[in-house]
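Numbering (my numbering), first residue to last: -19 to 124.
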């Protein structure tokens, strides 16, 4: 059992420049488990009925939050998960591409592929299975 509740509050700044969007976020855990910060830049382009997008992102996570999410304290040690401490803030990167297409007036198809590369301190955690994450999502949504 692991207590991993994170209750964040913070600010988000968003700027739109034509087809380009920039977003910065700073979040503090109200329970004292550190801070996170992220910056993203996105570009979208409509081609006929398709709306294509791409996003590049960077996420900074404080030492306290990194330890809270990916560290293993002495109290949490099990035969499967040994002790693990993260002593520095972590920085991870991500990239996403995708497209959206209206199938009908009230039905929208969306597909995205996202790659995230984790900081080595996160990748080395016994709670983490890989140095990166690759996800592909596809959805069909009804819009009302």
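Ideal Cβ placement from N, Cα and C applies to all residues, glycine included.
Note that the structure is a prediction, hence the values are computed from the model and not measured.
Between residue 2 and residue 62, the alpha-carbon positions lie close to 40 angstroms from each other. Ranking 83, 82 and 44 by CA distance to the CA of residue 14 puts 44 first. Comparing alpha carbon positions, the residue from -4, 38, 17 and 0 closest to residue -12 is 17.
Remark: C-beta atoms of residue 70 and residue 99 approach each other more closely than 9 angstroms. A distance of 9 angstroms or more separates the beta carbons of residue 121 and residue 78. Measuring C-alpha to C-alpha distances from residue 86 to each of 124, 4 and 30 identifies 124 as the nearest.
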